[in-house]
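Residue numbers (our numbering), protein chains in the order written: chain S, 1 to 218; chain E, 1001 to 1218; chain B, 2001 to 2218; chain D, 3001 to 3218.
Every residue gets a Cβ at the ideal spot worked out from N, C-alpha and C, and that includes glycine.
Only a predicted model underlies this, so the values are computations on that prediction, with no experimental measurement involved.
Working notes, beginning with the structure itself.
Protein chains: 4
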Amino acid sequence: MTDHEFKIDELMDGEELTDKQKKIIISAIESFSEKGFSATSTSEIAKKAGVAEGTIFRHYKTKKDLLLAIVAPVMAKFVAPFIIKDLKKVLDQDYEHVEDFLKAMLENRRDFLIKNLPTVKILVQEIPFHPELKELFKEHIGLQIYERFIKLVEYYQAKGQIIEIPAYSVFRMVFSSIFGYLIARYMILPEAEWDDEAETERTIQFIMHGLAGPNSGN
Amino acid sequence: MTDHEFKIDELMDGEELTDKQKKIIISAIESFSEKGFSATSTSEIAKKAGVAEGTIFRHYKTKKDLLLAIVAPVMAKFVAPFIIKDLKKVLDQDYEHVEDFLKAMLENRRDFLIKNLPTVKILVQEIPFHPELKELFKEHIGLQIYERFIKLVEYYQAKGQIIEIPAYSVFRMVFSSIFGYLIARYMILPEAEWDDEAETERTIQFIMHGLAGPNSGN
Amino acid sequence: MTDHEFKIDELMDGEELTDKQKKIIISAIESFSEKGFSATSTSEIAKKAGVAEGTIFRHYKTKKDLLLAIVAPVMAKFVAPFIIKDLKKVLDQDYEHVEDFLKAMLENRRDFLIKNLPTVKILVQEIPFHPELKELFKEHIGLQIYERFIKLVEYYQAKGQIIEIPAYSVFRMVFSSIFGYLIARYMILPEAEWDDEAETERTIQFIMHGLAGPNSGN
Amino acid sequence: MTDHEFKIDELMDGEELTDKQKKIIISAIESFSEKGFSATSTSEIAKKAGVAEGTIFRHYKTKKDLLLAIVAPVMAKFVAPFIIKDLKKVLDQDYEHVEDFLKAMLENRRDFLIKNLPTVKILVQEIPFHPELKELFKEHIGLQIYERFIKLVEYYQAKGQIIEIPAYSVFRMVFSSIFGYLIARYMILPEAEWDDEAETERTIQFIMHGLAGPNSGN
DNA sequence: CATGAATGAGCATTCATTCAT
DNA sequence: GATGAATGAATGCTCATTCAT
């Protein structure tokens, strides 16, 4: 529990959260990710959080507001580093090879995902059913990340490191591979034994060769 | 609506379905895939299907039974071709190169997915919340497909067409790429303009080079 | 089951019962007596009887009709012997002492009760909730038995064997004692060990002395 | 209605009952005793009580819980006086003759029964169908009363006031007679004219002579 | 800020009954 | 005579939300 709390504060850095509010968020995350948003009742959350039912609605006007309060900051935090640090680093030649960039990105975002696994699970699950979420997602990932990523791809294509195919295809393939790994690793078979270092390396290599095209041997 | 009916019969070939039963299934698929299983009420399904609410429960003891009745056959049908046709073809040298096999697989299953998109969407959405579904999935995909696929990978590895990494990594990468494509294409951005032929080709090439390793140029 | 059937025929001697009808009656008696009339569903009876739900309603227009069809004949049969045989015997001096009459009555009706225990249980349970049943009961027991019994009491009072108190008080006491015994014996503690002969004798003696009044020692 | 409320508080002295809760209990008692537990719907109770249906379930998790909340305290209250007062009085020679004890007991408990008639009716009706009720009954009546009563019987047998038959037979006969009277008086024919004093006296005399045996004349 | 009683609409499910076959 | 699919009202119960305290 104490383990969670710091994450909460870290994530919701804007507002001041009362003790009860934190407990509500933690309980909601747990229940939403285990049973899904609409299969979770507010009374269940209240019970788990040890607060009265009314308390939830004092802080979040509706159940959906609670969902958004949980899921929105995770999106913001997820994209933040892309915007600020990484892109700059690439353009500053910090990552001469795609490979270095990919490795950095994968490792960086993996830590974030692991820390916020249940919340991300909720996000992924609920996006299809809530237009507001879709909108938020498009804003954050769609624009912030996609546009920047496209530029990077073109940058590396110019350097001859990436095959000449549409940048959006590259985007899709890279994300499929990375998220395919992370989903398999942390959502589908989290209980299996994984050699994370080797798998990460293989995934990067797969993407690298896949993107290098026929002349990847050189 | 008539458009749907043939699919229903095709999918549930075992049982005899009454007219009302078919309508129930069609309505349930529509609602489940649009709003999610637990956000869909049986009364809503009944209304959409034009039947009395009691009629649903005459045929499906519980709402969950209805879900299973929809989702189970789709899994069975999905794996069927892998088991019978494709594997045989490969071993009979019908597909000399991995590429041919991949292309065949992707095209073959894509048709199925397109036809059963809403049902597959339901399956994907609900699997995390229903142990019975997880079990079914493991049985069908986990065993039927995984085991066969692993053999194929080893076969092509022996022929030197695939890099020497664990077969399960290959499995993961191939499926990530393929499903990443299909999900992006049909679930995330179905309304965008897609050059399917080109995208398919690129995806295959991406996988091919990714798996061929550094010597893919030869 | 064959064990039941003869009882059924015996009880419903008026009508011809089809095979299915018998099964319905047997199943209904079982369920009604175990769970009560309104806690028993017609579908449950149908399932237990191995017939279709509709079949019940072909023979009995409503669920209540089924109840009456079960319970009415048991009342008729219960009072029958009083009317015909016993009263005559008493008046013909077959039972010189109240004691003999009581013993005969208790034994005679006990056999009937044991045979029809579940049905009697249903009757006792449901009487308070169904005016029709109350009416039937008044007709049969209230008139047929009560009136005859009163005459007997007066007869024995004239002979000095019974204390001079209102005959209806005698009626109540005798029936309380007898049914108190039968209810304790067969409904409240059927699984206890009972020395039936001794208990019957004690009950009779209790009634005898109770009714004889202070001069019972003579 | 105000007439009821004091009884409610008196009966459920343990808990604090909200106003609505009292109304629910009162309505439930009325309906349960009139139509039986399973023929009474919660919506009916709610309507009669003038509360929302949900309110019932806030206070009583299930309909059965409501039944138990009504019926359990009546059992506890019913046996209480036996345990504390009467037994002590008898052993303290307050009742030198069985007759005095019987009279005291009958009068004392009759008042209670009259006050709680509908609740007792519910108890009697529902006991056969609810194992939990049976258990409660055994605990309270079976142990608390039976054991104490047996001791009293043996005490009076030693004094020669009661015939030498098994104490449990005495128990059964006494209770049959008393409850036979009360049931006839208040449940079967409540609308008839009763000379309560005379009937009570006759019943006591009946029991007295019945238990005194052949030498009751002395 | 927090409570928890109260709500009434809505839920999945069951019900007795009907009727075409 | 028997079936069982179909019904729609009713059931016990849960829901998100409100509000007086």
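- Residue-level contact check: residue 1038 (chain E) touches chain S, since one or more beta carbons of chain S fall below 8 Å from its beta carbon.
- With 16 or more other Cβ atoms inside 10 Å of its own Cβ, residue 3172 (chain D) counts as buried.
- Remark: C-beta atoms of residue 3041 (chain D) and residue 2038 (chain B) do not approach each other more closely than 8 Å.
- The DSSP-derived three-state label of residue 2059 (chain B) is helix.
- Per DSSP, the continuous alpha helix (DSSP H) segment holding residue 2199 (chain B) begins and ends at 2196–2212.
- Interface residue (Cβ-Cβ distance to chain D less than 8 Å): residue 2212 (chain B) is classified as such.
- Residues of the same chain with a CB within less than 7 Å of the CB of residue 164 (chain S), apart from the 5 flanking positions on each side, are 157 in chain order.
- For residue 3199 (chain D), a Cβ of chain B is located within less than 8 Å of the residue's own Cβ.
- In chain order, 132 place their CB closer than 7 Å to the CB of residue 68 (chain S), counting only its own chain and leaving out the 5 sequence neighbours on each side.
- DSSP places residue 2176 (chain B) in the helix class (H, G or I) of the three-state scheme.
- Across the region 121–137 of chain S, CB contacts with chain E closer than 8 Å involve 121, 125, 128 and 129, in sequence order along the chain.
- Counting the other Cβ atoms within 10 Å of the Cβ of residue 3121 (chain D) gives 16 or more, which makes it buried.
- A direct Cα-to-Cα measurement between residue 115 (chain S) and residue 186 (chain S) gives close to 11 Å.
- Contacts between residue 3180 (chain D) and chain B, judged by CB atoms closer than 8 Å, involve 2172, 2173, 2175, 2176, 2177, 2179 and 2180 in chain order.
- Against chain D, the beta carbon of residue 2169 (chain B) has neighbours under 7 Å at 3199 and 3202, listed in chain order.
- Just so you know, the alpha carbons of residue 52 (chain S) and residue 46 (chain S) end up roughly 6 Å apart.
- From the beta-carbon of residue 2184 (chain B), the residues of chain D found nearer than 8 Å are 3172 and 3176.
- Comparing alpha-carbon positions, the option among E:1168, E:1098 and E:1138 lying closest to residue 1072 (chain E) turns out to be E:1138.
- Around the beta-carbon of residue 160 (chain S), fewer than 16 other beta-carbon atoms lie within 10 Å, marking it exposed.
- Of the other Cβ atoms in all chains shown, 16 or more fall within 10 Å of the Cβ of residue 1140 (chain E); this residue is therefore buried.
- For residue 35 (chain S), the chain E residues whose Cβ falls inside 8 Å of its Cβ are 1129, in order along the chain.
- With 16 or more other Cβ atoms from the protein chains shown falling within 10 Å of its own Cβ, residue 2036 (chain B) counts as buried.
- Taking a contact as a CB-CB distance under 8 Å, the pair residue 2119 (chain B) and residue 2070 (chain B) counts as one, their CB atoms being some 6 Å apart.
- The beta carbons of residue 1050 (chain E) and residue 1023 (chain E) sit closer together than 8 Å.
- For residue 1097 (chain E), the closest Cβ of chain S is not nearer than 8 Å.
- The C-beta of residue 3101 (chain D) comes no closer than 8 Å to any C-beta of chain B.
- Among the residues facing chain E, residue 209 (chain S) is included, as its CB has a counterpart in that chain under 8 Å away.
- For residue 202 (chain S), the closest C-alpha among the options S:177, S:189, S:214 and S:117 is that of S:177.
- Listed along chain S, the residues sitting closer than 8 Å to residue 1165 (chain E) by beta-carbon distance are 202.
- With fewer than 16 other CB atoms across the displayed protein chains lying within 10 angstroms of its CB, residue 1198 (chain E) is exposed.
- Using beta-carbon distances, residue 1206 (chain E) counts as an interface residue toward chain S, with a partner under 8 Å.
- Counting the other CB atoms within 10 Å of its CB gives residue 126 (chain S) a total of 16 or more, which places it among the buried residues.
- By the neighbour-count criterion, in which 16 or more other beta carbons inside 10 Å mark a residue as buried, residue 28 (chain S) falls on the buried side.
- Residue 1167 (chain E) is a Cβ neighbour of residue 1150 (chain E), given a cutoff of 8 Å.
- For residue 1105 (chain E), the enclosing alpha helix (DSSP H) begins and ends at 1098–1115.
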